[in-house]
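Trainee: Pasting a structure here, questions to come.
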């Protein structure tokens, strides 16, 4: 539903006239004038108040009983008293009640010093207790999960964690067992609470009942400092506060930003900080010497890289991963284009998209924000899985559906975790996104062969029509959340034209709260493109001068010997990209492979010539661009690990050696140069971006975006038909939220490392003659993946799913970016 | 005058044939022929007050439901779990059609199309009787689509609870009915606006709904002339405890309490005196023998600091120590507290602990002050009324019987050989004895 208009009203609080938003809760309204009403169970993030803790009782004139300020909406002319004797006595009473069973172990409690119960006891409590009976006892602490310890004696039963599990993350695992004074928080049958967002409950807990196993006893609040930055592990770019003690990050907390993360973090973002301080991290330059990577001095590493790259000038490619900042991207594209005379650079693992389409997609009128998801009439999740691709958006979608009545439609190949919340879930053949959007376009426009196109997509034609009806009838604010995957492959242009057609049929450009929101495959995917890291576009989506090769073409050219050197910035193509075989050949053929990496991954161990240590995100300075166009600052929280140098300086040094004039002394100077080169960033300054970020679409300079010459609706060509699974199966792939080096090396997260599994429908499994847990071999043209079967009733018959970037047997043994049929047989 | 209890012991009254032979379901025909607004007006002018405990005007509550066309619900609260209350059981067991007829009339007034009877699990055999009666009523066309050819349709489901006192609280009942754990909800929103499945919902007690057919039959005016001002109609009173003839009695409100306890129920056993009595279930503040001459109606009971509640009188005679009653009562409410809100969860538990010490002689008179203050801190501070249900009677017991509490402690202390009572001010006591050569800093 569209955002409600906010009306200001005046009410009286402790004798003062206060102006606040009508129908907002008294607790929040009081904050406007710095009156704090103590609360335990209330947190606006958790949705509807429950009024359980009774801490916030206040006097409202005209109502006999004291009212809970957390659940009393502000109305014009209301007279509220928070300081009367009656109110104070009730506050003292509730604190006394809460402390009855709360142990006084503050000196050894992690929460001590940053504990709402301590603060409220000091601020509003009576100071003494009259309770002399025995307190209740539980075994403590218990592992609620490998990540979270629970101390039930400290729990004040405020319900926050249970409500989070039930109403925010909707994993429905936490409950209160037993009743009355015997109540305690647990999972239904005592199994561990493992879920993608589980550790938010640690931050929600107003006492020390839920603590992080990784942070327990590592520091006291007065030992640490908080440092604001953003998390760069996925495109969601959640705002975080890093807890730092002695130049080590000990904890990651949310830094609530309701336009980005809504105050939540995923467990990966919350615990992968450990990866900064592990032995596996590369903290010095490595050079291949006698076939082995050996630590060398910075001078020698730089010298080798420079000589290798300059020798191959004109025949060098660059492939860039998502953790690269805008500034690094800007320097790297200058190095390639100007210093090494090589136009072959790309940040899109799936290949180039026509420049005109990039410009059309970037149109501010067509871009949706994260908040739009929450207030839309309908949201279409298209060819992406938010919980894996940008986890925090999964929570935003759930919030929209649960609290704002958003109609959700999911169109994906693999069953989605949002299916249960969706009005409509539609499945199509892996890689047939183009045919699906074409079918949707035809259904929306009422012209074209919907039946034929739906068949090409391997989708049910009735569902396609229902989807078209749902989107066109829901209301004007429709948000399409789509994954970069849709635009991958040689026919990516056609898929995007279809998508833009759908957007134009739904008139997404003319409604404020409507639009497209792409989840790129890399964390800073959008920023990299806008900074000029595309084979066919310079900074600011400008003409590139000379068009170069895209990612798959760079791989092919390396393998063919047309390119001889490659710069791998924060990526390992062997692990991350399609067609492992090709990239192994490509990298082994290349004479120089320069990489920036934090951890040694298989492709780098095998092929890298020089590896520069990558900065951890807590060490890094720069800017990132959020998928919705918000430029956010990455601020250093700790100094660099010994031996690690700022990567922008490494790039600048190589640029200089390649003959470029480099006048930058600081990252902000590089940012200035970037802003000068990207016309639609022109109005941005670091000051204005500040700690909350700024969407470039909201600045006047947004008008400088180069306009697309051709506009939707486009004439679409017939998409190729989805392969027919004739005894063999369609292969689909996905990348788990837990795939990646940061998870693999973080001690706390190791238990979540994804292993390969073959997801089969029960029908196919029966036909093949295998059951859940059996080992099977999935083969294509001689290559094979060997793993255990996982039966999933929701997997469409005729399709098999494999995980990408697993520790062994990854899916890219079998893939090359185009739809494929594979054989599955018992191993 | 007997309305609800007329012919109550006639064999077979629970069947539709016998019920109809006494004019059953005629009121329904009359009500269905009435305009909804007129029916609500009729109910309002009857001044029928809810018989479940809160005593809120039934007609007014029905009028709160939105008038728009949408799914609306009527829920009959048959989770009769207040200690001392057993009137609904007999009404449902012996005359289920009276309830069903009233329920359909109520549904017509509220224009509800979907009704539930939420009955406590322990009344399983009564639920079977209700199920049979509902089937009969459905077969006779009183339930289902277009009842008796009108535009009123109603489905009725008898739902068995799993046995929790808290599920008699209307919002907890709704949660339980929805299949969730029965915890009270925050009000507002009230069930009339957002109740069962977030739809408008009218919730009434069994006895309240059983009255509707009589109001429609007699007309609101004639019915409201029964009883006294602000307490019109008849009331089924459950009398239990130390009386010679415990049971359910239908009375006109406003008769003298003494006539109830001594006249109808025969008073305490010979040689015993009424020590105190609960006028409206175990959650009502107690009254003493002094109050026996008060008229038994809503206003008089409220005026004496108690309440009529569900109309369940529990009589305690002078053979029973007040501490026993207090401890049993507090333990009941401690066990039944859902645990959602702080004062009730912690306060009931704390009170039980203190009463246990009082009972064993380990307490001091200061504990009575603490206990009284804890009751004050519970009262009116909770999410629902369960906490108050313990706090109010316990407060009143301390108020009327403090000397007995004190002598109980003293006697138990001697009996259990616990030595001298602990000092109410232990720090001062140590300070003064050990003062010796030192002088106080102050």
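Residue numbers (this note's numbering), protein chains in the order written: chain V, 1272 to 2098; chain Y, 791 to 1232. Note that CB positions come from ideal geometry on N, CA and C, so glycine has one too. A quick note: this is a predicted structure, and the numbers were derived from the prediction, not measured.
Can you give me the start and stop residues for the beta strand (DSSP E) that residue 2097 of chain V sits inside?
Mentor: Residue 2097 of chain V -> beta strand (DSSP E) spans 2092-2097.
Trainee: Quick check: the segment 1535-1547 of chain V against the segment 1676-1684 of chain V, are there 3 or more CB pairs under 8 Å?
Mentor: No, the segment 1535-1547 of chain V is not in contact with the segment 1676-1684 of chain V.
Trainee: Return the chain-ordered ranges of every beta strand (DSSP E) run that is complete within the segment 1092-1160 of chain Y and spans a minimum of 3 residues.
Mentor: Taking only runs of at least 3 residues, the beta strand (DSSP E) segments lying wholly in the segment 1092-1160 of chain Y are 1102-1107.
Trainee: When you compare the CB of residue 862 of chain Y with every CB in chain V, is at least one pair closer than 8 Å?
Mentor: No - not a single Cβ of chain V is within 8 Å of the one on residue 862 of chain Y.
Trainee: For residue 1132 of chain Y, which residues in chain V fall below 7 Å Cβ to Cβ?
Mentor: Per Cβ cutoff of 7 Å: 1324, 1325, 1365, 1368 and 1369.
Trainee: For residue 1221 of chain Y, decide whether its Cβ has a neighbour in chain V, counting only Cβ atoms nearer than 8 Å.
Mentor: Only weak support is given to the placement of residue 1221 of chain Y: the predicted model assigns it a pLDDT of 48, under 50, and the question is left unresolved by the model.
Trainee: Is the beta carbon of residue 1598 of chain V sitting closer than 8 Å to the one on residue 1941 of chain V?
Mentor: The answer is yes: Cβ separation under 8 Å.
Trainee: Classify residue 1346 of chain V: buried if its beta carbon has 16 or more other beta carbons within 10 angstroms, exposed otherwise.
Mentor: The residue in question, residue 1346 of chain V, is exposed, as its Cβ has fewer than 16 Cβ neighbours within 10 Å.
Trainee: Contact criterion: CB-CB distance below 8 Å. Does residue 1127 of chain Y meet it with respect to chain V?
Mentor: Output row for residue 1127 of chain Y: interface = yes.
Trainee: Could you have a look at residue 869 of chain Y and say whether DSSP puts it in helix, strand or coil?
Mentor: If DSSP states are grouped into helix, strand and coil, residue 869 of chain Y belongs with coil.
Trainee: What is the DSSP secondary structure of residue 1919 of chain V, reduced to helix, strand or coil?
Mentor: Helix at residue 1919 of chain V.
Trainee: For residue 2044 of chain V and residue 1295 of chain V, I'd like the C-alpha separation in whole angstroms.
Mentor: Looking at the two C-alpha atoms, the distance is approximately 52 Å.
Trainee: Examine chain V for any beta-carbon lying closer than 8 Å to the beta-carbon of residue 1139 of chain Y, and answer yes or no.
Mentor: Answer yes: the Cβ-Cβ gap between residue 1139 of chain Y and chain V drops below 8 Å somewhere.
Trainee: Please name the residue, chosen from V:1354, V:1517, V:1360 and V:2093, that lies closest to residue 2054 of chain V on a Cα-to-Cα basis.
Mentor: Ranking the options by Cα distance to residue 2054 of chain V, first place goes to V:2093.
Trainee: Look up residue 1819 of chain V in the DSSP assignment and say whether it is helix, strand or coil.
Mentor: Looking at residue 1819 of chain V - three-state DSSP - the assignment turns out to be coil, as it is neither helix nor strand.
Trainee: For residue 1614 of chain V, count neighbouring Cβ atoms within 10 angstroms of its own Cβ and tell me buried if that reaches 16, exposed if not.
Mentor: Buried, because 16 or more other Cβ atoms sit within 10 Å of the Cβ of residue 1614 of chain V.
Trainee: Do residue 1516 of chain V and residue 1480 of chain V have their C-beta atoms within less than 8 Å of each other?
Mentor: Not closer than 8 Å, so no.
Trainee: For residue 1006 of chain Y and residue 804 of chain Y, what's the separation of their Cα atoms in angstroms?
Mentor: Whole-angstrom Cα-Cα distance: 21 Å.
Trainee: I want to see whether chain V comes within less than 8 Å of residue 976 of chain Y, judged by CB atoms only; does it?
Mentor: Closer than 8 Å to some Cβ of chain V, the Cβ of residue 976 of chain Y qualifies, so yes.
Trainee: Assuming residue 2029 of chain V and residue 2066 of chain V form a contact by the criterion Cβ under 8 Å, report the distance between their Cβ atoms to the nearest whole angstrom.
Mentor: At roughly 10 Å, the Cβ-Cβ gap does not stay under 8 Å, so residue 2029 of chain V and residue 2066 of chain V are not in contact.
Trainee: What in chain V is Cβ-close to residue 806 of chain Y, meaning under 9 Å?
Mentor: Neighbours of residue 806 of chain Y on chain V: none; closest Cβ ~40 Å, over 9 Å.
Trainee: Residue 2029 of chain V by DSSP, collapsed to three states: which one?
Mentor: Three-state result, residue 2029 of chain V: strand.
Trainee: Are the C-beta atoms of residue 1479 of chain V and some chain Y residue less than 8 Å apart?
Mentor: Answer no: the Cβ-Cβ gap between residue 1479 of chain V and chain Y never drops below 8 Å.
Trainee: Rounded to whole angstroms, what's the CA-CA distance from residue 2101 of chain V to residue 1962 of chain V? Just pull it up for me.
Mentor: Any question about residue 2101 of chain V goes unanswered here, given that chain V covers just 1272 to 2098.
Trainee: Name the DSSP bridge partner or partners of residue 2017 of chain V?
Mentor: Answer is none; residue 2017 of chain V lacks a bridge partner.
Trainee: With distances taken between CB atoms, is the gap from residue 1707 of chain V to residue 1699 of chain V smaller than 8 Å?
Mentor: Cβ atoms of residue 1707 of chain V and residue 1699 of chain V: closer than 8 Å.
Trainee: Helix, strand or coil, according to DSSP, for residue 2051 of chain V in the structure here?
Mentor: Residue 2051 of chain V falls in the strand class under three-state DSSP.
Trainee: Compare the beta carbon distance of residue 1106 of chain Y and residue 1065 of chain Y with 8 Å and say whether it is the shorter of the two.
Mentor: A contact, by the Cβ cut-off of 8 Å.
Trainee: For a contact meaning CB atoms closer than 7 Å, what does residue 1321 of chain V contact in chain Y?
Mentor: Chain Y residues near residue 1321 of chain V: 976.
Trainee: Against chain V, with Cβ distances strictly below 8 Å, would residue 904 of chain Y count as a contact?
Mentor: No - not a single Cβ of chain V is within 8 Å of the one on residue 904 of chain Y.
Trainee: Does the beta-carbon distance from residue 1885 of chain V to residue 1506 of chain V come in below 8 Å?
Mentor: Their beta carbons are not under 8 Å apart, which means residue 1885 of chain V does not touch residue 1506 of chain V by this criterion.
Trainee: Rounding to the nearest angstrom, what Cα-Cα distance links residue 1999 of chain V and residue 2026 of chain V in this structure?
Mentor: If you take the alpha carbons of residue 1999 of chain V and residue 2026 of chain V, they lie about 23 Å apart.
Trainee: Where does residue 1910 of chain V land, buried or exposed, given buried means 16+ other C-beta within 10 angstroms?
Mentor: Under this definition residue 1910 of chain V is an exposed residue.
Trainee: Taking 8 Å as the CB-CB limit, is residue 1124 of chain Y close to chain V?
Mentor: Yes, residue 1124 of chain Y counts as interfacial toward chain V.
Trainee: Look up residue 1286 of chain V in the DSSP assignment and say whether it is helix, strand or coil.
Mentor: Of the three classes helix, strand and coil, the one that applies to residue 1286 of chain V here is coil, per DSSP.
Trainee: Whole angstroms is fine: what's the gap from residue 1474 of chain V's alpha carbon to residue 1512 of chain V's?
Mentor: Approximately 12 Å, taken between the alpha carbons.
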